[in-house]
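A.B. asks:
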Amino acid sequence: MTRAVLSIGSNMGDRLALLRGVVAGFGARVRAVSPVYSTAPWGGVEQDDFLNAVLVVDDPAYDCRAWLAHGQRLEQAAGRERTVRWGARTLDVDIVACAEHVAGKWRSCRSTDPDLTLPHPRAHERAFVLVPWLDVEPEAVLDVAGTGHPVRELLSKLDAGEVAGVHRTGLTLLPAAGAAP
């Protein structure tokens with residue numbers, strides 16, 4: 004079995020519908036969905052605020068590249084264009100971390116491939132990833148420079164202003180109980 008932690012975000016168009024489309028697009032592979040957060044853009048490019056969330060997904064038929072390909076298909080379907088680094092986007096699906104279940108234990112996947120760097124090289128610096136991740140995995144650990152660090156510890160090291168800029172909304176990516184999917 005392979006599992007992945009995905010950070011999803013949108014700051015163009017119907018942001019909530021686009022994020023809900025990711026949950027629907029991964030379907031039965033979704034194991035956990037964080038609340039939705041509103042965050043200021045990261046990277047210094049002038050643009051609208053993002054809606055962000057974290058998903059935990061798993062599927063025995065997927066490897067890390069399959070998660071990447073699936074996320075990229077969803078981005079393409081949402082009209083994602085990669086024109087400006089850290090610029091506005093209809094949809095962003097990032098693989099934060101990926102792990103394989105081998106011999107009864109989870110083993111973190113590592114990759115230095117420019118198309119798939121794992122774990123995500125800047126996730127430990129981004130409150131908009133760490134805060135929602137803790138909602139779905141309070142004991143989460145992220146490999147940083149070859150060493151596992153509790154996500155809670157990584158979050159405590161970030162600038163307080165960045166953490167304060169991650170605002171939990173009342174929005175959800177899951178249908179209401181009893182509602183049709």
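Quick note on the working numbering: the sequence shown kicks off at 4 and runs consecutively.
Just so it is clear, CB atoms sit at the ideal spot from N, CA and C, and this is done for glycine as well.
Return the chain-ordered list of same chain residues with a C-beta closer than 7 Å to the C-beta of Arg68, the five sequence neighbours on each side being excluded.
C.D. replies: Within the same chain, Arg68 has close Cβ partners Leu119.
A.B. asks: On the premise that Val39 lies in contact with Trp136, defined as a C-beta separation below 8 Å, what is that separation, rounded to the nearest angstrom?
C.D. replies: That pair is no contact at about 14 Å.
A.B. asks: At the level of alpha carbons, what is the spacing between Arg32 and Trp70?
C.D. replies: Taking the straight line joining both Cα atoms gives about 10 Å.
A.B. asks: Would you please state the rounded distance, in angstroms, between the beta carbons of Ala91 and Asp51? I believe it to be under 8 Å.
C.D. replies: Indeed, because the Cβ distance is near 7 Å, the residues count as touching under 8 Å.
A.B. asks: Here's the rule I'm using: 16 or more other beta-carbon atoms within 10 Å means buried, otherwise exposed. How should Ser13 be labelled?
C.D. replies: Counting Cβ neighbours within 10 Å, Ser13 comes out buried, since at least 16 surround it.
A.B. asks: Please classify Arg129: is it buried, with 16 or more other beta-carbons within 10 angstroms of its beta-carbon, or exposed?
C.D. replies: The residue in question, Arg129, is buried, as its Cβ has 16 or more Cβ neighbours within 10 Å.
A.B. asks: Got a sec? Which residues, its chain only, sit under 8 Å from Gly24 by beta carbon, not counting five neighbours each side?
C.D. replies: So the list reads Leu77, Ala80, Ala81 and Leu94, once near-sequence residues are dropped.
A.B. asks: Give the list of continuous alpha helix (DSSP H) stretches no shorter than 4 residues that lie fully inside the region 38-92.
C.D. replies: You should have 67-80.
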